[in-house]
Structure formats: structure tokens, C-alpha cells
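Numbering (the numbering used here), first residue to last: 14 to 214. Glycine is no exception: its CB is placed at the ideal position from the N, C-alpha and C atoms. Predicted, not measured: the structure shown is a model, and the values here were computed from it. Take a look at the structure set out below.
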């Protein structure tokens, strides 16, 4: 098997214990069974719907604002689409080029043929949500029919240029856990930044 590539980088994060106590749903985002992944994704859809409702109350221009240099709310939605397209569309479903032109990789990703990198695009909230929904539907389609046997399997070697790199294979569970982790943390960051934007109104 090819050398394992690193996960997408992220900021330093608190230890599990205190975080789990503050957020009772958080342990559900570390599932070990197919049923657990279905439950986790249902929770994720529910809590993100509340976050989007909160964002809709702001001026649309504020959703393009980078709070303290972090991604804007719109950029966050675009990045989460990229994560689901990469780890579910490419790795699990075998699509060699699953990305929408508005999908957004992390800022330090080296230029990679076939992967979109338009950080400065300014889609509307509805456009970003349509992209996001397509990517979420990829995940929902996988977890709805997931079995424990499939969860324990390895993905087929990746084909063609992109992220993760060609030739890599991954445990299916690892791909889904990465997506859940991205969903959890980027919602935390989005909620934090929405609070800042709300205080400015």
C-alpha cells in the first residue's frame, strides 16, 4: 500500500474530556458502528440547520467577512463541501474528480491538478448551501446503506490526480470519521464567529 498521507491539517483542539462534558453530542461523533454513523450524521444535519438559520439573520455581506483572519461563513460551507467530496466522493465512492468549482481546500494545500482553489469566489449563501447540500447528500447516501462489514473495509486505490493522492487507500471508517471531525470543528468555529458578527449589529 502507498505511504499514508496526513489528514487535513487543523488548529490545536481541546482534549476530549472537557469538550465532551460541554457538548453531550460530541461523543456521538466518534462512532464505531454503521448505526452510530447514521446517528452522528442525523445529529450533524440537525445542529448545522440551526447554525444556518442563525446565519440567515445576518446581512449577506457579513457572511463573506473573515473574523480575525479566519474563513468566512461562506468559505466554511465551501470547505466542508470539499472535505465530503474528497473523503466520501473520491475515497469511498471512487469518483476521481468529485469537486465543484466552488469547493475550497485548506489554505496551505499545495497546488494540485484538478482541485479547485478559488479562495476569493463570493457565491451567495443560497449558492454555497446548494453546493453544501450536494456534498452532504453524498455522505447521507453512504451512511444510509452502510453495514458494519463495509465500515471495516478498505477503499480501492485512488485513481487520477487530486486529494488524497493517487494510489492511496483508507479504511472506510477513517474517511467518515474525518468528515465528522471536520463538520464538528468547523461548526464550532462558525458559531464562534457568528457571535462576533452578531455583536457588531
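Does the Cβ-Cβ distance between residue i and residue j come in under 8 Å?
{"i": "residue 93", "j": "residue 204", "result": "no"}
{"i": "residue 209", "j": "residue 176", "result": "no"}
{"i": "residue 59", "j": "residue 157", "result": "no"}
{"i": "residue 104", "j": "residue 42", "result": "no"}
{"i": "residue 47", "j": "residue 193", "result": "no"}
{"i": "residue 117", "j": "residue 132", "result": "yes"}
{"i": "residue 151", "j": "residue 98", "result": "yes"}
{"i": "residue 87", "j": "residue 71", "result": "no"}
{"i": "residue 68", "j": "residue 207", "result": "yes"}
Taking the alpha-carbon positions, what's the residue i to residue j distance?
{"i": "residue 198", "j": "residue 138", "result": "20 Å"}
{"i": "residue 30", "j": "residue 39", "result": "10 Å"}
{"i": "residue 167", "j": "residue 56", "result": "26 Å"}
{"i": "residue 108", "j": "residue 102", "result": "6 Å"}
{"i": "residue 126", "j": "residue 84", "result": "23 Å"}
{"i": "residue 45", "j": "residue 124", "result": "34 Å"}
{"i": "residue 201", "j": "residue 34", "result": "15 Å"}
{"i": "residue 169", "j": "residue 179", "result": "11 Å"}
{"i": "residue 171", "j": "residue 82", "result": "34 Å"}
{"i": "residue 17", "j": "residue 185", "result": "Residue placement at residue 17 is flagged as unreliable, the pLDDT there being 38, under the threshold of 50; a coordinate-derived value is accordingly withheld."}
{"i": "residue 89", "j": "residue 161", "result": "31 Å"}
{"i": "residue 74", "j": "residue 130", "result": "21 Å"}
{"i": "residue 53", "j": "residue 122", "result": "28 Å"}
{"i": "residue 191", "j": "residue 36", "result": "19 Å"}
{"i": "residue 153", "j": "residue 49", "result": "13 Å"}
What residues are listed by DSSP as bridge partners for residue i?
{"i": "residue 184", "result": "167"}
For residue i and chain E, any beta-carbon pair shorter than 8 Å?
{"i": "residue 153", "result": "Checking the listed chains, one finds no chain E in this structure; it contains a single protein chain."}
> Does the segment 86-102 come close enough to the segment 134-147 that 3 or more CB-CB pairs lie under 8 Å?
Replying inline: Using a C-beta cut-off of 8 Å, the segment 134-147 makes contact with the segment 86-102, since at least three inter-stretch Cβ pairs fall below that distance.
> For the 8 Å Cβ check, are there 3 or more pairs between the segment 48-65 and the segment 99-114?
Replying inline: no
> Which full runs of the alpha helix (DSSP H) of 4+ residues lie inside the segment 51-109, going along the chain?
Replying inline: 86-97
> Taking only runs of the beta strand (DSSP E) that begin and end inside the segment 102-178, which ones reach a length of at least 3 residues, in chain order?
Replying inline: none
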